[in-house]
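Quick note on the working numbering: the sequence shown kicks off at 258 and runs consecutively.
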Amino acid sequence: MKKKSEGELNQGRVWFRKTDDGVLMGLTSLGIEETGSIERLELPVDGDEFTAKETLGAAEGTHGRVEIPAPFDCVVVEVNTGLQQDSSTLEDDPLEEGWIAKVQVLGEDGEEEDSDEDDEDSDDEEEEDDFEDDES
Numbered sequence: 258m259k260k261k262s263e264g265e266l267n268q269g270r271v272w273f274r275k276t277d278d279g280v281l282m283g284l285t286s287l288g289i290e291e292t293g294s295i296e297r298l299e300l301p302v303d304g305d306e307f308t309a310k311e312t313l314g315a316a317e318g319t320h321g322r323v324e325i326p327a328p329f330d331c332v333v334v335e336v337n338t339g340l341q342q343d344s345s346t347l348e349d350d351p352l353e354e355g356w357i358a359k360v361q362v363l364g365e366d367g368e369e370e371d372s373d374e375d376d377e378d379s380d381d382e383e384e385e386d387d388f389e390d391d392e393s
């Protein structure tokens with residue numbers, strides 16, 4: 258299956274992008290537009306694990322609700338909790354400061370995959386650098 262390091266989910270409403278220490282996720286401009294003025298955010302908790310396509314969070318606003326699906330099997334390693342106090346960051350800068358969660362890819366054995374770790378199985382390094390191409 259083809260893999261990639263960034264993309265969109267939920268019909269272009271959610272973005273994900275690989276960084277040096279995980280994968281950031283957030284709402285796209287389309288997601289913000291369809292939600293309207295943010296009234297409530299449902300954020301995951303550090304350590305929560307999700308399977309691909311499982312809902313890990315949501316944004317509710319004056320125009321509706323947008324769910325945030327996991328792009329792959331993952332564990333949450335950081336949440337942008339500042340958005341709970343000030344959701345305007347999400348609306349003003351959704352692709353940078355308005356990120357919602359940072360996740361790590363879970364391997365087939367349920368363990369975090371860490372491409373920065375030096376291990377003897379470096380044959381899999383190329384596969385760990387990108388993510389499954391899933392446009393759902």
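Ideal Cβ placement from N, Cα and C applies to all residues, glycine included. Since the structure is predicted, the reported quantities are computational estimates derived from the model, not experimental observations.
Beta carbon of Ala-316 nearer than 8 Å to that of Pro-328: no
Assigned secondary structure, Gly-314 (DSSP; H/G/I helix, E/B strand, else coil): strand
Measure the C-alpha to C-alpha separation of Asp-350 and Ser-344 and round it to an integer number of angstroms. 10 Å
Between the C-alpha atoms of Leu-352 and Met-282, what's the straight-line distance to the nearest angstrom? 9 Å
Within a Cβ cutoff of 8 Å, which residues of the same chain sit near Val-280, ignoring the five residues on either side of it in sequence? Phe-273, Arg-274, Pro-328, Cys-331, Lys-359, Val-360, Gln-361, Val-362 and Phe-388
Restricting to Cα atoms, I'd like to know which of Gln-268, Val-334 and Asp-278 is closest to Phe-307. Val-334
For my contact list, Glu-296 and Gly-318 are in at a C-beta cut-off of 8 Å; report their separation, rounded to the angstrom. 5 Å
Along the chain, where does the beta strand (DSSP E) containing Thr-276 start, and where does it finish? 271-276
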